[in-house]
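Asker: This is the structure I have questions about; it appears just below.
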Amino acid sequence: MNTSEKVLIKGNYAIAQAAVNAGCQCYFGYPITPQTEIGEYLSSEMPELGRAYVCAESELAAINMVLGATATGVKAMTTSSSCAVALMQEALSYACGDELPVVLVNVMRAGPGLGYIYPAQGDYNQAVYGGGNGDYKIVVLAPSNVQECIDYTYRAFYLAQKYRNPVILLADGLLGQMMEPASFGEYPYPEVDISSWALTGAKNRAARAIYSVGPNEKKHIQHVYDLFEKFETIKKNETTFEEFQVEDADLILTAFGSMTRNIKAAMRLLREKGLRVGCFRPITLSPFPHERISELALKGKKFMVVEMNMGQMFKDIKYAVGDKSQVSLLNRPCGEWLSVDEIVEAVLEEVKNVARV
């Protein structure tokens, strides 16, 4: 499906078709709600295109198959959710150390532990800071609507190949299950030359290998330094955010992913009431736009973080703001999304409290 015309499509199916359009050659996955439709969709599409589809025996098997496939330079992906992504953390550490272009889609559900299928945003820490061993960083993209599920799936494959670094597309159960009009278009990025590193057989060329560790302490230290220098390049070139009416705002509502939709609506209602409210939304959760938030805080802007967890992104906002301004939190761990009315009420209450002071 390559069309500029809009079609009504579910978020999970949009991600799956976008992966096909991006040139994904191998999909390895294991069913878990609320992302199972991605694998279901690809189980039909991939074989018809002569591409690899494997319903693995476990999440551990799936992610390690992706490591093997990406080591040959092909585009490969796995998808999962929350507690199952937790099982993949060791492999993600290896993927960073090996510099493999892994694409992982996490359609979040409630936790901790097994949790349940309620929508939630509780995997922010898992994605941004990781649960694997050693020093490493993963690129994390957070779509807010079905169109962005397509756009950022494309971007995930491109960034993974461009920087030889794993990329996580961090969606949620609400976004995976909702249907919206969206268009696919053509894959918008150039193909990346992988000929200098991919393990494609050593016929007519010198042998090469991929290692996650250096052969001695000095080389290992240098390898880690190189990984972090690469991430600084990613930070410089790829950090992305969205902001609305922040220049004249006294208070900036901040959210990621699909919660962004509600803070935008709340901002409009609060503006109608005469309150100077803006919105700020990180699109790359890693690298995180700390610098821009710090700039806004220096101008005296206050922040209210709205998220469906116990304040995971809040810590990054707080770090960026420091003692330059104030940050508050409106949150719930999972389930029914914080409504526009709840956000408006929280802002009005905060304004009242400031007036009393």
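The numbering used here puts the sequence shown at residues 2 to 358.
Each residue gets a CB set at the ideal place from its N, CA and C atoms; glycine is no exception.
All values reported here derive from a predicted model rather than from experimental measurement.
#1: Indicate whether at least one CB of chain D lies closer than 8 angstroms to the CB of S45.
#2: For the segment 109 to 127 against the segment 226 to 236, are there 3 or more C-beta pairs whose distance is under 8 angstroms?
#3: Thinking just about the alpha-carbon of each residue, which of P48, E239, T154, E6 is nearest to the one in A17?
#4: Can you tell me which residues form a DSSP beta bridge with C280?
#5: Leaving aside the five residues before and after V345 along the sequence, list all residues of the same chain whose C-beta is less than 7 angstroms from its C-beta, in chain order.
#6: Excluding the five sequence neighbours on either side, which residues of its own chain have a C-beta within less than 8 angstroms of the C-beta of I222, listed in chain order?
#7: Quick check on DSSP: helix, strand or coil for T201?
#8: Return yes when the Cβ of C84 is within less than 8 angstroms of the Cβ of G51, no when it is not.
#9: Rounded C-beta distance between E244 and T285? I'm assuming under 8 angstroms.
#10: Look up D317 in the DSSP assignment and say whether it is helix, strand or coil.
#11: Return the first residue and the last residue of the beta strand (DSSP E) that A15 is part of.
#12: Just confirm the distance between the C-beta atoms of D124 and L171, as a whole number of angstroms; I'd bet it's less than 8 angstroms.
#13: With a cut-off of 8 angstroms on the beta carbons, I'd call A161 and V103 a contact; round off their distance for me.
#14: If the criterion is Cβ atoms closer than 8 angstroms, does the pair Q359 and N126 meet it?
#15: Can you tell me whether V106 is helix, strand or coil according to DSSP?
#16: Can the beta-carbon of T79 be found less than 8 angstroms from the beta-carbon of A63?
#17: From which residue to which residue does the beta strand (DSSP E) around A183 run?
Answerer: Well, looking at it:
#1: You won't find chain D in this structure, because it holds only one protein chain.
#2: no
#3: T154
#4: F245, L254
#5: A267, L270, L271
#6: G215
#7: coil
#8: no
#9: With a Cβ gap of about 14 angstroms, E244 and T285 do not count as contacting.
#10: helix
#11: From DSSP, A15 is part of no beta strand (DSSP E) but of the alpha helix (DSSP H) over 12 to 22.
#12: 7 angstroms
#13: 6 angstroms
#14: Look at the range of the chain in this structure, 2 to 358, and you will see that residue 359 is not part of it.
#15: strand
#16: yes
#17: 180 to 183
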